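>
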Amino acid sequence: MPVDATPDKMTVIPRDSASLVILRGTVDTPQVLLGKRRDDARFMPGSYVFPGGAVDPGDLILGDDPTWPGTRFHAAALRESWEEIGATIAKSGSRAAPSDAEDPFLRALTDAGMIPAPEDLHYIARAITPPPSRIRFDTRFFMAFDDSLFGTPRAMGELPDVLWVDAVDALTSEKVRSVTKFVLEEALGLWRHGESLTDGDRPIRIFSARIMGQEPQSAGLM
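For this note's numbering, count along the sequence shown from 1 and bump the result up by 4.
(1) DSSP beta-bridge partners for ARG28?
(2) Pull up the distance between the alpha-carbon of ILE208 and that of VAL187, whole angstroms please.
(3) Spatial neighbours of GLY67 within its chain, please: CB distance less than 6 Å, with the 5 preceding and 5 following residues excluded, ordered by chain position.
(4) What are the start and end residues of the alpha helix (DSSP H) that includes THR92?
(5) Tell me which same chain residues have a C-beta within less than 7 Å of the C-beta of PRO165, skipping the five on either side of it?
(6) Nearest by alpha-carbon distance to ILE26: which of ILE17, ILE132, PRO108 and GLU190 is it?
(7) With a CB to CB cut of under 8 Å and the five nearest residues on each side skipped, what residues in its chain are close to SER152?
(8) Within its chain, find whatever has a CB closer than 6 Å to the CB of TRP195; leave out the 5 residues flanking it on each side and keep chain order.
(9) With a cut-off of 7 Å, does the C-beta of SER177 fall near any C-beta of chain D?
(10) Under a three-way DSSP split, which group does LEU175 fall into?
Quick look at the structure:
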């Protein structure tokens, strides 16, 4: 039985999560930032992936903040990127003094005179782990560019290898799974065809091992 297959008939409810697709270069010679998951990871071991992870309670709080120009998914993508590769999408700015209990990610940005930049994230795709898996995620993928990147991407605990990869190589690599390739193709297609990344009516495609099509709600996040 595969490691991520569940032995009973109970369906695991997927956890909300978010990932960040960071591109650089030109539309003709693009590169993408990928990190290698540990070989002993329970989910997608040894695969090269985008930085990202599950929505946590702090992301929910930020997403409900009326002054936050984004959703809980934007918050999760930005925070997870910082935690996994030591870099995230941010801009110069200041805000209210952080409390002692505030998320270390937000404190680190505040100390550097930076604030998160969710407005520079563009929702491009969604993927839901199929029911046979006992580890399931409902992931929203956001696209951003390296000119908004704060910090130097580096290998950290969950991603022991982090590097810029030519997009064409990523799309043909056996170490990059089909869902990652699907999302990367979406990002490159939007960039290549010059489609408006801020168009709220732009359809968002959804990927699973069984279904690949378009979401009925166009670009809705919820």
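By construction, the Cβ of each residue, glycine as well, lies at the ideal position given by its N, Cα and C atoms.
These numbers come from a predicted model, not from an experiment.
By the coordinates alone:
(1) By 1-based counting over the sequence shown, the position of residue 28 is 24. ARG28 pairs with GLN35.
(2) For the purposes of this step, residue 208 is identified with residue 204 of the sequence shown, where counting begins at 1. For the purposes of this step, residue 187 is identified with residue 183 of the sequence shown, where counting begins at 1. Distance between the alpha carbons of ILE208 and VAL187 is about 11 Å.
(3) Here the question's residue 67 lines up with position 63 in the sequence shown. Excluding residues within five positions, the ones whose Cβ falls inside 6 Å are THR75, ARG76 and ALA79.
(4) Taking the first residue of the sequence shown as position 1, residue 92 is located at position 88. Segment 92-96 is the beta strand (DSSP E) holding THR92; no alpha helix (DSSP H) there.
(5) In the sequence shown, residue 165 corresponds to position 161, counting from 1. First, the amino acid is wrong: residue 165 is Asp here, not Pro. Excluding sequence neighbours, ASP165 sits near GLY39, LYS40 and ALA159.
(6) Taking the first residue of the sequence shown as position 1, residue 26 is located at position 22. ILE26 has its Cα closest to that of GLU190, out of ILE17, ILE132, PRO108 and GLU190.
(7) Your numbering for residue 152 matches position 148 in the sequence shown. ILE93, ALA94, LYS95, ALA121 and ASP124.
(8) Here residue 195 corresponds to residue number 191 of the sequence shown, with the count starting at 1. VAL31, listed in sequence order.
(9) Protein chain content of the structure displayed is limited to a single chain, and chain D is not contained in it.
(10) Taking the sequence shown and counting its residues from 1, one reaches residue 175 at position 171. Of the three classes helix, strand and coil, the one that applies to LEU175 here is coil, per DSSP.
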